[in-house]
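Asks:
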Amino acid sequence: MLKWFRTASASSGLVALCPGGDGIAAARVSRGAGTAPLLEWVDYLPATRSDTNRATALRQMLTTHGAHGQPSTSVLPTGDYHLLLLEAPAVPAEELREAARWRVKDLIDFDVEEAVVEVFRTPPMKGGRDNMVYAVVAREQAVRRLIDEIEGVEQPLACIDIPEFALRNVTAQLAEDVAGVAFLHLEADAGLVVITRQGELYLSRRFEGSVARLLASAGAGVSAENEGLLDTVVIEIQRSLDYYESQFAQPPVRNLVVAPLAQPFEGLEAYLGSQLGIAARRLALDALIECASPPDERVGARCLVAVGAALRELEAVA
């Protein structure tokens, strides 16, 4: 089985290939011994009409970047997995995954025998509680489909992540992560809030609702017409902040960082910050990580999850 959420073996860097309904986001990050990570390139391959054309275009893109055949990672699309918070089964660590498999069988809409399950413990909670785990549950068929697409273009796949972990890798590069930071990522039809501190994922909250309508109004900036839509985002972030403060033995989060959007949204960060009463700013990809060349803003926004996946900590091959 591939290494879910664990350190991947790679000699000097990792290529991330993240398929989605609209296309494939790609990035490569290299990291020499004792040096800061370097974003070598990002690219976005729009959807094609056939799987054959998509494979050919993907192979060509990788060849153009000199990355064909290099160690790779990928990210499961949002609809292909569940992220569940569970009480940790009272079993030895080596039995935790199998015990969690049976704990989730009544929480998913498919046969647990068809599931791939991985678990990780949450950071310590208030009152000394250390008995919760997150379980990532995906259909084995969906995982196999992802593996086949990447390995079908002769790209060795070392590991698979989910967006929450990829964005955790992004926030781990932020100065605000030392004290704890909330991160907002808006995509075509859904939003994701993650809260991290010192490189650990504390919680995530995914929401849908009116995100598509909100992003459709981005070109006009913050206005009276879209304030109601913005307030739904404010509520989701506030709920996340409240849960973090009430459940974890950590100080309140005082900073929000917003992922870049393919369509600029004037005033978004200022509005969110004012409504939440915390500092808010937009993430600039070239300020997050050293870049071999300045990335196109629209492509960089589409590829942020891929960048995060490629930022996975690497261990040298012995």
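First residue of the sequence shown: 21, per our numbering; consecutive thereafter.
Ideal placement from N, C-alpha and C gives every residue a C-beta, glycine not left out.
Residue 184 lies in the alpha helix (DSSP H); which residues open and close that run?
Replies: That run of the alpha helix (DSSP H) goes 183–191.
Asks: Could you tell me the boundaries of the beta strand (DSSP E) in which residue 94 lies?
Replies: Element bounds for residue 94: 92–95.
Asks: Between the Cα of residue 195 and those of 209, 331, 166 and 309, spot the shortest distance and give me the residue it belongs to.
Replies: Answer by Cα proximity: 309.
Asks: Report yes or no: do the region 33–45 and the region 76–88 share at least 3 C-beta pairs separated by less than 8 Å?
Replies: Judged by Cβ distances under 8 Å, the region 33–45 makes contact with the region 76–88, as three or more pairs qualify.
Asks: Could you pull the start and end residues of the alpha helix (DSSP H) that residue 233 belongs to?
Replies: Start and end: 231–236.
Asks: Judging by CA-CA distance, which residue of 206, 267, 280 and 221 is the nearest neighbour of residue 256?
Replies: The option with the nearest alpha carbon to residue 256 is 206.
Asks: For residue 157 versus residue 192, is the C-beta spacing smaller than 7 Å?
Replies: No, Cβ-Cβ distance for residue 157 and residue 192 is not below 7 Å.
Asks: Hey, how far is the Cα of residue 128 from the Cα of residue 159?
Replies: The alpha-carbon atoms of residue 128 and residue 159 are separated by roughly 10 Å.
Asks: Output yes or no for whether 7 Å exceeds the beta carbon distance between residue 95 and residue 186.
Replies: Cβ atoms of residue 95 and residue 186: closer than 7 Å.
Asks: Around the C-beta of residue 337, are 16 or more other C-beta atoms found within 10 angstroms, so that it is buried, or is it exposed?
Replies: Below a pLDDT of 50, predicted positions are generally treated as unreliable, and residue 337, at 33, falls in that range; the measurement from the model is reported next regardless. Looking at its Cβ environment, which holds fewer than 16 other Cβ atoms inside 10 Å, residue 337 is exposed.
Asks: Report yes if the C-beta distance between residue 274 and residue 289 is below 7 Å; otherwise report no.
Replies: No. Outside cutoff.
Asks: Could you tell me if the beta carbon of residue 184 falls within a distance shorter than 6 Å of some heavy atom in the ligand ZN?
Replies: The model depicted lacks the ligand ZN and carries no ligand whatsoever.
Asks: If you check the beta carbons only, do residue 64 and residue 311 fall under 7 Å apart?
Replies: Against a cut-off of 7 Å, the Cβ pair of residue 311 and residue 64 comes out as no contact.
Asks: Which value, in whole angstroms, describes the spacing of the CA atoms of residue 285 and residue 241?
Replies: Straight-line Cα distance between these residues: approximately 5 Å.
Asks: Hey, how far is the Cα of residue 15 from the Cα of residue 71?
Replies: One cannot answer for residue 15 here, as it falls past the ends of the chain, which runs 21 to 338.
Asks: Among the residues of its own chain, which have a CB less than 7 Å from the CB of residue 146, if the five just before and after it don't count?
Replies: These residues qualify, in order along the chain: 267, 268 and 269.
Asks: Are the region 237–254 and the region 216–225 touching by the rule of at least three beta carbon pairs closer than 8 Å?
Replies: Cβ pair count under 8 Å is below three, so no.
Asks: Express the C-alpha separation of residue 125 and residue 296 in angstroms, rounding to a whole number.
Replies: Between residue 296 and residue 125, the C-alpha separation is close to 37 Å.
Asks: Measure the C-alpha to C-alpha separation of residue 236 and residue 114 and round it to an integer number of angstroms.
Replies: Computed Cα separation, rounded: 47 Å.
Asks: One question on the structure: do residue 137 and residue 123 come within less than 7 Å of each other, judged by their Cβ atoms?
Replies: Contact flag unset, no.
Asks: Under 7 Å, do residue 92 and residue 166 count as touching if we go by C-beta distance?
Replies: It is not a contact, given that the beta carbons lie outside the stated cut-off.
Asks: Please list, in chain order, all residues of the same chain as residue 318 whose beta carbon is under 6 Å from its beta carbon, the five residues on each side excluded.
Replies: The answer, listed in chain order, is 282.
Asks: Which whole runs of the alpha helix (DSSP H) in the region 111–165 are 4 residues long or more, in chain order?
Replies: Counting whole runs of 4 or more residues, the region 111–165 contains the alpha helix (DSSP H) stretches 116–123.
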